[in-house]
Amino acid sequence: MGVFLPALLALALQSSAPGPNPASAGWTWTLYEGSGPMVLANERPDSPDLKATLQCQPGSGVVTVAVYGSDPVSGFARITAGSATATAEARAGRGDKLETTLPVDHPVFAAFVVGGRMTVAVGESQNLVTVERSHLAKLRRFADRCSG
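If you're matching positions, the sequence shown starts at 0 in numbering that gives the first Met the number 0 and goes up one per residue.
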């Protein structure tokens with residue numbers, strides 16, 4: 000029993016220790032600003048991998064939301080963030096891109112900026128866009144610059 004108990008404790012501590020989240024390992028949010036459109040991208044740096052992008056012309060008041068990684072289907076999207084809901088046309092793009100637009104001043108986008116979570120659903124397909132707390136300042140800057 001003297002050898003068994005320390006080994007069991009070590010195993011228990013090892014399995015309960017928090018580790019990196021494999022789903023988010025290597026992914027980050029990057030804000031691209033320049034003379035053209037502003038883009039906030041959930042990407043794997045130095046790769047073509049994207050989970051989501053937000054894009055606008057500064058001051059336009061309109062944001063294009065694109066989610067990647069599913070089999071996109073065009074139709075009407077139900078977009079939710081917090082307790083707010085919107086319906087907007089969604090377009091399937093090249094590859095695995097689903098794209099829709101929202102006004103910056105819409106309650107759904109405002110709730111997304113505050114909480115960092117938004118769901119875009121078309122039919123049975125749901126795509127979750129999550130901006131981690133450490134990247135919310137980038138999302139706020141993006142929203143501020145896109146406002147009309």
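Just so it is clear, CB atoms sit at the ideal spot from N, CA and C, and this is done for glycine as well.
Predicted model, so just to flag it, every value in this text is computed and none were measured.
Supposed contact pair A65 and T52 - C-beta distance, whole angstroms, cut 8 Å = With a Cβ gap of about 5 Å, T52 and A65 count as contacting.
Quick one: Cα of A22 to Cα of R43, how far?
-> Confidence in A22 is poor, its pLDDT being 48 and thus under 50, which makes the residue's placement unreliable; the coordinate value appears in the next sentence. If I take the Cα positions, the gap works out to 12 Å.
Taking 8 Å as the cut-off, decide whether the C-beta atoms of L97 and A89 are in contact.
-> Yes, the pair counts as a contact, with Cβ atoms nearer than the cut-off.
Could you tell me which of G122, V119, V113 sits nearest to A136, measuring between CA atoms?
-> Measuring from the Cα of A136, the nearest candidate turns out to be V113.
Within 10 angstroms of its Cβ, does T29 collect 16 or more other Cβ (buried), or is it exposed?
-> The Cβ neighbour count for T29, taken over all protein chains shown within 10 Å, is under 16; the residue is labelled exposed.
Tell me, please, which residues DSSP counts as bridged to A40.
-> Per DSSP, T29, T52.
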